[in-house]
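Under my numbering, residues 94 to 396 are what the sequence shown spells out, in order. Heads up, the beta-carbon is just placed ideally off N, CA and C, and yes, glycines get one too. Written out below as structure tokens is the structure these notes cover.
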Amino acid sequence: MSLFIGYGSEYLDWQLGASHPTNPERALIATQLLESMLGKDSITYLSPATTVSDRDLLLEVHSAEYVSEVLDAGVSNEWAGKSVLLGKTALSMFSGTVRLVEAMDLGNAVIAFNPQGAKHHAMYDYSSGFCVFNDMAWAAKHFAFQGKRVMYIDWDAHHGDGVEELLLDTDIVTCSIHQGGIFPGTGNESMPELGAYNWALKSGAGAGEFMSAMLDIKKLASVIKPDVVLLATGADAHVSDPLSSLEFEVDDYVNAARVVSEIANTYAGGRVLIGGAGGYQPHTFTPRVWADVVSEIYSLSVS
Ligand SMILES: [Zn+2]
94 MSLFIGYGSE YLDWQLGASH PTNPERALIA TQLLESMLGK DSITYLSPAT TVSDRDLLLE
154 VHSAEYVSEV LDAGVSNEWA GKSVLLGKTA LSMFSGTVRL VEAMDLGNAV IAFNPQGAKH
214 HAMYDYSSGF CVFNDMAWAA KHFAFQGKRV MYIDWDAHHG DGVEELLLDT DIVTCSIHQG
274 GIFPGTGNES MPELGAYNWA LKSGAGAGEF MSAMLDIKKL ASVIKPDVVL LATGADAHVS
334 DPLSSLEFEV DDYVNAARVV SEIANTYAGG RVLIGGAGGY QPHTFTPRVW ADVVSEIYSL
394 SVS
């Protein structure tokens, strides 16, 4: 079965200035790496072109006022002034995940990757941390509505606060491995009674701490037995990433990907929806980490 990727050139319209860390070329390069690793024939691309109903889907995780502010007025915390194009581009990133979820619903896709997905800081009525629309919270709710048990795993260097908050009143379990004490400052403790688990690592934490948290997650998965796994594979905990002082290496991410694959293959029929989340080495390690993680999960898939 193909690896499904949500990608289109509209992602490159996310231009926030030469010095802004979220250079969208990282997404393009990740797809090129995956093509060279797996072969073009193994990949099915889905266009993130927005459909009329995608705007309504936003209302499942955001307020109508906020959606209108971004899409109609072109206003967001993430950029200065007004830009309807940036709002539209943020929506295309959300739509990229929606198209992949539709393909998973149909049984066409088992492993699906949106390099511009997992906008995990986006909140109900405001943008935060380079994230405008919370695609993963939407996807998790969508699968849960179908009666599926959902497990969300996030190893971006920053706490997945938006996803956690948007899913607190659901049965969906969220797991976030991140550096404590940096943006957004939350996620220092777990709230098991609310299904929110956090591993706030100290500056300098590396392979050992990462794998230890993943083994905790594996244990948790044996209780939850998820029908689908959602993964935010942020690459900003990489040792040379400028936005954190965690020290993960590419191989550590691959080892963690194996744990995700094991969870997905054991309980979820291999089903994993992956979003890129953060990563601020756009021409080097960010696309490398994303491609290696996705390729590993795809290659180990039982489907
Ligand atoms: Zn991050």
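One thing to note: residue 322 has its Cβ no nearer than 9 Å to the Cβ of residue 382. Apart from sequence neighbours up to five positions away, the residues of its chain that approach residue 393 with a beta-carbon distance below 6 Å are 354, ordered along the chain. Where residue 368 is concerned, the enclosing beta strand (DSSP E) starts and stops at 365-368. By the rule of a C-beta closer than 5 Å to any heavy atom of ligand 1, the residues picked out are 249, 250, 251, 327, 329, 371. For residue 205, the uninterrupted beta strand (DSSP E) segment begins and ends at 204-207. For residue 225, the closest alpha carbon among the candidates 201, 194, 186, 192 is that of 186. In the DSSP assignment, residue 226 falls outside any beta strand (DSSP E) and carries neither an H nor an E. Rounded to the nearest whole angstrom, the CA to CA distance from residue 310 to residue 320 is 15 Å.
Non-local C-beta neighbours of residue 115 in its own chain, meaning closer than 7 Å and more than five positions away in sequence, comprise 107, 109, 223, ordered along the chain.
CA-CA distance, residue 262 to residue 378, rounds to 36 Å. By the neighbour-count criterion, in which a residue is buried when 16 or more other Cβ atoms sit within 10 angstroms of its Cβ, residue 376 is exposed. Inter-segment contact for the segment 242-259 and the segment 275-285 is present: three or more beta-carbon pairs are separated by less than 8 Å.
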